[in-house]
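So for the sequence shown, our numbering puts the first residue at 9; every next one is plus one. The structure under discussion appears below in the form of structure tokens.
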Amino acid sequence: MIDFKVNGLVIREAETGEYDKLLTILTEKYGKLFVVGKGVKSVRSRHIASTQLFSYASFNLRKKGNYYYITDSDLIENYYDIRNDILKMSLGSFICDVACEVAREGVEEGALLKLTLNTLYAIAKEIRPLEIIRASFELRIASDSGFMPDLTACRCCGNANPQMSCLDIMDGTIICDDCRKNEISATVKDAFYELGIPRPISLISLPVLASMRYIISSKSERFLAFSLDKIEHQMFFDACEKFLLNQLERGFFSLDFYKSLL
Ligand SMILES: [Zn+2]
Numbered sequence: 009m010i011d012f013k014v015n016g017l018v019i020r021e022a023e024t025g026e027y028d029k030l031l032t033i034l035t036e037k038y039g040k041l042f043v044v045g046k047g048v049k050s051v052r053s054r055h056i057a058s059t060q061l062f063s064y065a066s067f068n069l070r071k072k073g074n075y076y077y078i079t080d081s082d083l084i085e086n087y088y089d090i091r092n093d094i095l096k097m098s099l100g101s102f103i104c105d106v107a108c109e110v111a112r113e114g115v116e117e118g119a120l121l122k123l124t125l126n127t128l129y130a131i132a133k134e135i136r137p138l139e140i141i142r143a144s145f146e147l148r149i150a151s152d153s154g155f156m157p158d159l160t161a162c163r164c165c166g167n168a169n170p171q172m173s174c175l176d177i178m179d180g181t182i183i184c185d186d187c188r189k190n191e192i193s194a195t196v197k198d199a200f201y202e203l204g205i206p207r208p209i210s211l212i213s214l215p216v217l218a219s220m221r222y223i224i225s226s227k228s229e230r231f232l233a234f235s236l237d238k239i240e241h242q243m244f245f246d247a248c249e250k251f252l253l254n255q256l257e258r259g260f261f262s263l264d265f266y267k268s269l270l
């Protein structure tokens, strides 16, 4: 038996038995851990507040076999403003689902934990519109998880600041609109067709491209500190969502539910 103390964010909860829960917690040092909370569903449990989705807490854990058991816990933050609002709660669930999908086990995940906590705080306090927060998180977490797009310049002609371009959502490169329209260029045909099938793309304007460049290169705590005119928003939202879902090769029920509320 090994006892240790760790700060962790509950990113998934499942009920097992009448009073127990199986939690997935995201930690700085050990990535994601699967933790059993014995009796934590009981209203008399002193761990009830620490063992809910979105709870960030200090946990004392005991390892027995392949499982970790909670022996003590202290709540640090419960994101009350998220729990109290159905739209924020559904977006927060999606954020936790994505973090759970990309988090590794048994390795350091400090950057992912920080990004997830910062994003939940931004949602709770609504420091930017929720859709801006979602799209920025989608792009940043994809980028941090090994899928950083190459937004430097058009991959065909090298133009670094095209007024309009396409993000190739499969490989994360950009192609300017001039190259896209130049149908006589064999290079561009190769760029857009693979075995005769068009590759999925997302149209982005120069301001959207600039915002995307900012998000993937800024410090984690500043990743939302950019401005983008409202007229550009839909283009930005589409590109970020498509890019993440394509890289992870899956959809999320929590995302569909959140979008059904908009
Ligand atoms: Zn070009």
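A virtual CB, placed ideally from N, CA and C, is assigned to each residue, including glycine.
- For ARG70 and ASP11, the gap between their C-alpha atoms comes out near 4 Å.
- Residue state for SER173 is assigned as strand, using DSSP reduced to three classes.
- Residue burial is scored here from C-beta neighbours: PRO137 has fewer than 16 other C-beta atoms within 10 angstroms and is therefore classed as exposed.
- Within 8 Å of the C-beta of ASP186 there is at least one heavy atom belonging to ligand 1.
- As the crow flies, the alpha-carbon of MET97 is around 40 Å from that of ARG163.
- Here ARG258 carries a coil assignment [DSSP, helix/strand/coil].
- Relative to ligand 1, ILE183 has its C-beta within less than 8 Å of a heavy atom.
- Annotated as proximal: LEU128 and ILE90, with beta-carbon spacing under 9 Å.
- Between ALA132 and PHE62, the alpha-carbon positions lie close to 11 Å from each other.
- Put simply, of ALA161, GLY47 and THR124 the residue whose alpha carbon is nearest the alpha carbon of TYR64 is THR124.
- If you check the CB distance, LEU34 and GLY16 come in under 9 Å.
- No Cβ-Cβ contact shorter than 9 Å links LYS46 with VAL14.
- Remark: the C-beta of PRO170 is in contact range of ligand 1, defined as less than 8 Å to any heavy atom.
- When ARG52, PRO215, LEU236 and GLY118 are compared, the shortest CA-CA separation from LEU159 is found for PRO215.
- Remark: fewer than three beta-carbon pairs, one from each stretch, lie closer than 8 Å, so the stretch 17–27 and the stretch 72–79 are not flagged as touching.
- Boundaries for GLY118: no beta strand (DSSP E) harbours it, while the alpha helix (DSSP H) harbouring it runs 118–133, taken from the DSSP string.
- A straight-line Cα-Cα distance of about 8 Å links MET243 and SER213.
- In this structure, ASN167 has its CB closer than 8 Å to one or more heavy atoms of ligand 1.
- For THR32, same chain residues with a beta-carbon under 7 Å away, outside a window of 5 residues either side, are ILE19, ARG20, LYS40, PHE42 and CYS108 in chain order.
- Scanning its chain for C-beta atoms nearer than 7 Å, with the 5 sequence neighbours on each side dropped, one finds around SER173 the residues CYS162, ILE182, ILE183, CYS184, ASP185, ILE212 and LEU217, in chain order.
- Between LEU175 and SER210, the C-beta spacing is below 9 Å.
- In the structure shown, the three-state DSSP call for LEU263 is helix.
- Spanning the alpha carbons of PHE155 and GLN255 requires a straight line of approximately 7 Å.
- Separation of the CB atoms of LEU99 and TYR266 is rounded to 5 Å, and the pair is thereby assigned contact status at 8 Å.
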